[in-house]
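Step one of this worksheet: look at the structure below.
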Amino acid sequence: MTDQPKDNLVLFPKTLDYYQIQLTKMLETERYGEAKALLGFLLQCRGEAERHHTEWQALLGWLDAAFPTAEGDLDYEAWMQGDEQEDEGEEEIFKRRLAERTQSDVNYIPELLASLHNGDDPGQQMLILAQLQHLFHPDIDSSLRQWLAREEYIAPVQFRALQAIRKQGGSGPVAFWRDGESLTVEAADTPLSFAEFPQGMHQALERVKQSAEVSDPTLSYFAEETWKDCAELAYGTPMFKSMAEDDDGSSDVWAAALHQLLMERLHAKMNDEGIREQYGITDELRFRYEQALRWLRSYAMEPQITD
């Protein structure tokens, strides 16, 4: 890696997602030295990356202990030049390597599932689920259902497991735990992308993007990434039903709450009077708005892991 100082480097969400995907591929292909170098780079980044520092530090510690002699070097500036077409090519390579691995080792998928059942590290769980989403095996569906019903895991991990079940062609109810309560969703309804989420959630996001398009383009960008994360986090919960309602009142409530959350996070502006007026939050909607904002604030305080 270059010696150029990176203390002030801020990663945007899309760039962060790209690095997370590369990290997963490095671990899958046993390029542990490169993975350690990438983690070292990411731990020096600011912005959205800081939400993942604890998890990255733990993963780096595990790699150092397990593979102390593994070394690697990365040119982070070259990585920043990758475009979406290159990302798609990398994904195809990832899928091909997985296919080759499973063809040469019939025990590979059962071993992945065993590691998932026996491990408790969220980062490792996400890495395993990222692979299972590209694999097909008769044991994956039932194994993931049993695993989800066994105990509570962090929300991003649960959502990736639900997606993996759907990709297996799964249908019928799937149970998982959230805040000590058993919840059930229909496997075939799990969104594989944000485009598949209910229309009401798209309306709320569009309202914020339109409001911020001229006055604060940066807020508009972060609104999309934050809202997509929130959609996955809330999936299957009672709060998700409120977010997904397809009516003007719900769109106003959640758009206003999302806009206010971002004003607090990006600009430290806590006064929400202007936001409430901008989105037409009347006294009748005030309680729902404050409830939505409390939930979003709670979400913002929780470290999230992306695959």
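If you're matching positions, the sequence shown starts at 1144 in this note's numbering and goes up one per residue. Think of the CB as a built atom: it goes at the ideal place given N, C-alpha and C, for glycine as much as any other residue.
Proximity below 8 Å, CB of residue i to CB of residue j
i       : j       : result
ASP1276 : LYS1310 : First, the residue type needs correcting, since residue 1276 is Gln and not Asp in the sequence shown. Yes, the pair counts as a contact, with Cβ atoms nearer than the cut-off.
ASP1389 : GLN1342 : yes
LEU1181 : LEU1166 : yes
ALA1366 : ALA1355 : yes
GLY1183 : LEU1203 : yes
ALA1398 : ARG1440 : no
GLY1392 : LEU1335 : no
ALA1298 : GLY1313 : no
VAL1396 : TYR1432 : yes
GLU1295 : ARG1321 : yes
Option nearest residue i by Cα separation, candidates the options
i       : options                            : result
LEU1348 : LEU1272, PRO1334, ALA1387          : ALA1387
THR1245 : ARG1408, ARG1303, HIS1280          : HIS1280
ALA1292 : LEU1326, ASP1248, ALA1208, GLU1254 : LEU1326
GLN1268 : ALA1304, GLU1243, TYR1251, ARG1431 : ALA1304
ARG1437 : GLN1421, HIS1410, ILE1424, LEU1401 : LEU1401
TYR1364 : MET1406, LEU1170, GLU1324          : MET1406
LEU1270 : LEU1255, ASN1261, ILE1283          : LEU1255
LYS1179 : GLU1427, ARG1189, GLN1403, ALA1208 : ALA1208
LEU1362 : GLN1346, GLN1403, MET1344, SER1394 : GLN1403
ASP1359 : TRP1370, HIS1410, GLU1339, PHE1383 : HIS1410
LEU1272 : SER1285, PHE1302, LYS1384          : PHE1302
ARG1239 : ALA1257, THR1172, SER1285          : THR1172
LYS1384 : VAL1328, ARG1194, ASP1264, THR1197 : VAL1328
ASP1372 : ARG1194, ASP1426, ARG1174          : ARG1194
ASP1264 : PRO1211, ALA1201, ASP1248          : ALA1201
GLY1315 : LEU1206, SER1285, ASP1248, MET1382 : SER1285
GLU1324 : PHE1340, MET1344, ALA1257, PRO1381 : PRO1381
HIS1196 : ALA1257, GLN1163, TRP1370, THR1369 : GLN1163
MET1169 : ALA1213, SER1258, TYR1422, GLU1198 : ALA1213
Helix, strand or coil at residue i [DSSP, three-state]
i       : result
THR1425 : coil
LEU1203 : helix
GLU1433 : helix
ARG1194 : helix
ARG1408 : helix
ARG1189 : strand
ARG1473 : Here the chain covers residues 1144 to 1450 and nothing more, so residue 1473 does not appear.
ASN1250 : coil
LEU1439 : helix
HIS1280 : coil
ASN1414 : coil
GLU1229 : Annotation note: pLDDT 47 at GLU1229 (below 50); position unreliable, coordinate value reported separately. Helix at GLU1229.
GLN1163 : helix
GLY1315 : coil
THR1245 : helix
ILE1297 : coil
LEU1335 : coil
GLY1379 : coil
PHE1210 : coil
GLY1262 : coil
PHE1302 : helix
GLU1420 : helix
Bridge-paired residues (DSSP) for residue i
i       : result
TRP1290 : Note: TRP1290 sits in no beta bridge, so no partner.
LEU1362 : For LEU1362, which the question treats as bridged, DSSP gives no partner whatsoever.
TRP1320 : SER1325
Closer than 8 Å to chain D by CB, residue i
i       : result
ALA1411 : In the structure shown, chain D cannot be found, because there is only a single protein chain.
Contact belief for residue i with residue j at Cβ below 8 Å, rounded distance in angstroms
i       : j       : result
VAL1300 : ILE1308 : About 13 Å separates the two Cβ atoms, so there is no contact after all.
ALA1374 : PHE1337 : 7 Å
GLY1379 : PHE1319 : 7 Å
GLN1289 : THR1333 : That belief does not hold up - the Cβ atoms of GLN1289 and THR1333 are roughly 17 Å apart, past 8 Å.
LEU1287 : LEU1241 : With a Cβ gap of about 17 Å, LEU1287 and LEU1241 do not count as contacting.
ILE1283 : ILE1252 : 7 Å
SER1394 : GLN1346 : 4 Å
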